[in-house]
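Asks: In the working numbering, the protein residues as written are 3 to 664.
Beta carbons are placed, not taken as given, at the ideal position from N, Cα and C, and that holds for glycine.
As the structure is a computational prediction, the values presented were derived from the model and not from experiment.
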């Protein structure tokens with residue numbers, strides 16, 4: 003039995019609103035779609051979180067690609083899966099499976115079940131201290147310029163206290179229309195057997211289609227540019243071999259794409275992001291683009307096709323090259339000789355190799371060849387243009403193919419960092435925490451991707467508990483604007499604070515923003531706290547606490563109480579007098595049980611203390627009477643490191659002694 007016949011069942015139809023379109027989906031599926039493609043996510047109890055991609059309308063100049071698959075996934079996705087390598091151990095994203103694709107790999111604890119919101123399919127799982135989020139949506143293709151590409155995004159966050167080694171492998175079970183074993187087209191190569199590319203050999207993109215004459219579907223995976231995360235390695239092989247080996251794949255030179263252990267062609271690819279160190283609180287992000295490819299054909303006995311980006315961007319800070327690929331099929335009857343292939347570039351584009359011509363001594367009939375050129379914008383022109391490739395030769399029908407291209411200027415991101423004014427309301431800062439914002443606007447011609455903003459501060463501010471300094475903002479198109487917010491709190495004792503944000507992204511110079519704010523001091527407050535209804539004969543503990551201290555080094559305190567109701571046994575030091583794991587100078591004062599006073603309770607620190615709350619002392623009473631009473635502070639002094647006295651009001655605690663239980 004072939005593995006793609008394993009899933010059989012009757013699925014109940016349901017209604018789903020996806021990307022503004024209502025579609026009837028089988029049970030256990032979520033989808034987001036538009037007029038070009040559909041991305042759908044397995045929401046069933048098995049293989050939860052796995053995804054697939056279909057064409058909906060596709061290329062509107064053709065009808066033969068409508069409703070065809072790009073990733074195998076009918077009736078529910080399970081054959082494409084993602085391996086997480088965490089500190090040397092391998093896991094599968096989502097739930098574990100008993101099927102061939104990732105069998106034996108442990109799954110994660112689901113923190114957020116699959117859901118559709120804001121035209122995105124999201125899911126979140128936890129693996130110990132590592133949280134992994136998968137986000138699927140639709141983005142614009144660099145080849146066609148249309149919204150016909152699935153964006154597959156993973157964010158791996160280290161929520162632990164130690165660094166972690168995190169890696170990722172994503173297996174795509176490609177299916178180009180009805181062809182489950184279509185060859186891959188990578189640069190100058192038609193890949194029909196096991197092969198891998200790594201490092202600088204990774205191309206800008208790869209394509210898959212079965213026939214130049216009448217390709218049912220043209221698929222394209224983008225490996226460079228925009229917010230795409232270029233893999234460390236990409237391997238092309240048969241699906242069975244990749245499914246059986248969740249990380250390393252034993253590639254065999256010359257082995258075709260016949261499914262491991264079976265007799266059908268079944269091509270697939272795996273992309274690797276090798277393990278790297280991620281510090282506590284930091285994240286690793288991987289973005290993959292896969293969808294429809296754009297090829298311009300010129301039919302004839304010399305059948306030509308060219309593929310290139312619809313747009314290329316000139317970048318000041320991050321210059322990059324772009325790949326132009328030509329497919330040539332000789333359909334004539336005679337062997338062609340002295341073949342000349344010439345690329346004609348418009349102003350604004352230059353060949354990085356310096357040459358734009360290829361010569362072949364001969365070309366055999368029926369042979370398909372691929373050629374590629376690296377080009378780059380030189381900044382001399384921006385706007386709409388076109389380039390052409392001419393092919394001539396002896397015994398060869400001359401032909402030419404032309405493709406439009408837009409050369410655009412670089413992105414230019416400007417930003418503003420804003421800190422709201424801090425006020426004191428009822429002895430507290432308001433607002434608290436502070437919503438600090440960075441607003442970014444792209445005033446350039448090109449989009450930028452992989453936008454990231456990192457917020458840091460001086461001694462005046464710190465991030466609120468649970469907040470992260472690093473924020474991922476994704477893409478920002480020309481003239482688009484976006485805002486990101488952090489929750490920040492002032493540090494007690496700081497008169498002012500400064501925050502800085504650094505914004506980075508593809509093709510832009512780092513943008514450094516800064517803002518300052520005054521931090522009004524919080525008034526000092528003294529407080530007594532204890533049970534409101536102490537019981538006769540019981541120990542009654544009362545804490546003397548100070549709020550909103552700034553550079554405080556010493557205190558002196560008197561206490562008054564009713565000796566008919568309470569007997570003060572002792573006075574203990576508070577946390578104010580514990581520093582560097584040692585004890586500071588302390589005096590429990592003099593207790594006068596007849597008068598109901600404790601005088602000269604004092605202590606001093608070697609290092610000044612600033613903080614929102616601290617305990618100065620603890621009063622240890624025994625309840626000896628009954629009725630309602632009050633404990634009060636008498637004379638008190640608090641001084642800072644400069645010897646200045648901190649003003650404040652006396653504190654009191656009212657209590658009512660309860661009845662003794664029978």
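Residue 174 to residue 168, Cα distance in whole Å?
Replies: One-based indexing of the chain shown puts residue 174 at position 172. One-based indexing of the chain shown puts residue 168 at position 166. Near 20 angstroms, if we compare the C-alpha coordinates of residue 168 and residue 174.
Asks: The alpha helix (DSSP H) with residue 243 in it runs from where to where?
Replies: What you label residue 243 is simply residue 241 of the chain shown in a count that begins at 1. From DSSP, the alpha helix (DSSP H) with residue 243 extends over 241–246.
Asks: If you draw a straight line from the alpha carbon of residue 87 to that of residue 549, how long is it in whole angstroms?
Replies: As a first step, residue 87 must be located in the chain shown, where it is residue number 85. As a first step, residue 549 must be located in the chain shown, where it is residue number 547. Going by the C-alpha atoms only, they are around 47 angstroms apart.
Asks: Can you grab the Cα-Cα spacing for the pair residue 562 / residue 649, in whole Å?
Replies: Here residue 562 refers to the residue found at position 560 when the chain shown is read from its first residue. Here residue 649 refers to the residue found at position 647 when the chain shown is read from its first residue. Taking the straight line from one Cα to the other gives about 20 angstroms.
Asks: Whose C-beta lies closer than 6 angstroms to the C-beta of residue 288 among residues of the same chain, with five residues either side of it excluded?
Replies: Within the chain shown, the letter at position 286 stands for residue 288. Cβ neighbours of residue 288 beyond the five flanking positions: 156, 170, 231, 275.
Asks: Could you tell me the alpha carbon to alpha carbon distance between residue 313 and residue 373, rounded to whole angstroms?
Replies: One-based indexing of the chain shown puts residue 313 at position 311. One-based indexing of the chain shown puts residue 373 at position 371. C-alpha separation (whole angstroms): 20 angstroms.
Asks: To the nearest angstrom, how far is it from the Cα of residue 556 to the Cα of residue 640?
Replies: The sequence position of residue 556 within the chain shown is 554, counting from 1. The sequence position of residue 640 within the chain shown is 638, counting from 1. About 6 angstroms.
Asks: Count the other CB atoms, across all protein chains shown, that sit within 10 Å of the CB of residue 600; report buried if there are 16 or more and exposed otherwise.
Replies: Counting from one through the chain shown, the residue named residue 600 turns up at place 598. Residue 600 is buried by the Cβ-count criterion.
Asks: For residue 300, I'd like the list of residues in its chain whose CB is within less than 6 angstroms of its CB, leaving aside the five on either flank, ordered along the chain.
Replies: As a first step, residue 300 must be located in the chain shown, where it is residue number 298. Only 306, 401, 403 meet the Cβ criterion.
Asks: Could you round the C-beta distance between residue 547 and residue 616 to whole angstroms and report it? I think they count as a contact, below 8 angstroms.
Replies: Position 545 of the chain shown holds residue 547. Position 614 of the chain shown holds residue 616. That belief holds up - the Cβ atoms of residue 547 and residue 616 are roughly 7 angstroms apart, short of 8 angstroms.
Asks: Would you decide whether residue 430 is buried or exposed? Buried here means 16 or more other CB atoms lie within 10 Å of its CB.
Replies: Residue mapping note: residue 430 aligns to position 428 of the chain shown, counting from 1. When all chains shown are included, residue 430 counts as exposed.
Asks: Evaluate contact between the region 359–367 and the region 337–348, counting only Cβ atoms and requiring at least three cross-stretch pairs below 8 angstroms.
Replies: Yes: the two stretches touch, three or more of their Cβ pairs being nearer than 8 angstroms.
Asks: Compute the Euclidean distance between the alpha carbons of residue 417 and residue 37, then round it to the nearest angstrom.
Replies: By 1-based counting over the chain shown, the position of residue 417 is 415. By 1-based counting over the chain shown, the position of residue 37 is 35. Rounded to the nearest angstrom, the two C-alpha atoms are 35 angstroms apart.
Asks: To which residues of the same chain is residue 236 closer than 8 angstroms at the C-beta, ignoring the five residues directly before and after it?
Replies: Here residue 236 refers to the residue found at position 234 when the chain shown is read from its first residue. Hits under 8 angstroms: 198, 199, 200, 204, 208, 225, 271, 272, 273, 274.
Asks: Can you give me the C-alpha to C-alpha distance between residue 160 and residue 223, rounded to a whole angstrom?
Replies: For the purposes of this step, residue 160 is taken as residue 158 along the chain shown, with counting starting at 1. For the purposes of this step, residue 223 is taken as residue 221 along the chain shown, with counting starting at 1. One C-alpha to the other measures close to 29 angstroms.
Asks: Take the Cβ of residue 262 as the centre, count every other Cβ of all protein chains shown within 10 Å, and call the residue buried at 16 or more, exposed below.
Replies: Sequence index remark: in the chain shown, residue 262 carries index 260 (1-based). It is buried - the Cβ of residue 262 has at least 16 other Cβ atoms within 10 Å.
Asks: Cα-Cα, which of 92, 249, 326 is closest to residue 347?
Replies: In the chain shown, the residue the question calls residue 347 occupies position 345. Nearest of 92, 249, 326 to residue 347, Cα basis: 326.
Asks: Please state whether DSSP places residue 391 in a helix, a strand or coil.
Replies: Numbered from 1 along the chain shown, position 389 holds the residue referred to as residue 391. In the structure shown, residue 391 sits in a strand (DSSP, three-state: E or B).
Asks: May I have the straight-line CA-CA distance separating residue 661 from residue 619, to the nearest angstrom?
Replies: In the chain shown, counting from the first residue as 1, residue 661 sits at position 659. In the chain shown, counting from the first residue as 1, residue 619 sits at position 617. Straight-line Cα distance between these residues: approximately 28 angstroms.
Asks: Unbroken beta strand (DSSP E) runs of length 3 or more, entirely within the region 418–491: which are they?
Replies: As far as the region 418–491 is concerned, its whole beta strand (DSSP E) runs of at least 3 residues are 425–427, 430–432, 436–444, 450–459, 463–465, 472–478.
Asks: By Cβ distance below 6 angstroms, which residues in the same chain neighbour residue 483 in space, the five residues on each side in sequence not counted?
Replies: Position 481 of the chain shown, counting from 1, holds the residue named residue 483. Answer for residue 483: 443, listed in chain order.
Asks: For residue 23, which residues in the same chain have their Cβ closer than 8 angstroms to its Cβ, ignoring the five residues on either side in sequence?
Replies: Within the chain shown, residue 23 is the residue found at index 21, counting from 1. Residue placement at residue 23 cannot be trusted, given a pLDDT of 46 that sits under 50; what the coordinates show is reported in the next sentence. Cβ within range, chain order: 35, 36.
Asks: Applying the 10 Å Cβ sphere with the 16-neighbour rule, what's the burial state of residue 150?
Replies: Translated into positions along the chain shown, residue 150 becomes position 148. When all chains shown are included, residue 150 counts as buried.
Asks: Using 10 angstroms around the beta-carbon of residue 393, count the other beta-carbons present and answer buried if the total reaches 16, otherwise exposed.
Replies: Stepping through the chain shown from its first residue, residue 393 is reached at position 391. It counts as buried.
Asks: Check each candidate in 93, 105, 31, 118 and name the one with the smallest Cα separation from residue 75.
Replies: Taking the chain shown and counting its residues from 1, the one referred to as residue 75 is at position 73. Selected option, being the one with the closest Cα: 31.
Asks: Return the CA-CA distance between residue 303 and residue 399, expressed in angstroms with no decimal places.
Replies: For the purposes of this step, residue 303 is taken as residue 301 along the chain shown, with counting starting at 1. For the purposes of this step, residue 399 is taken as residue 397 along the chain shown, with counting starting at 1. Each residue's Cα considered, the two are about 6 angstroms apart.
Asks: Taking the beta carbon of residue 645 as the centre, do at least 16 other beta carbons fall within 10 Å, making it buried, or is it exposed?
Replies: In the chain shown, counting from the first residue as 1, residue 645 sits at position 643. Burial call: exposed.
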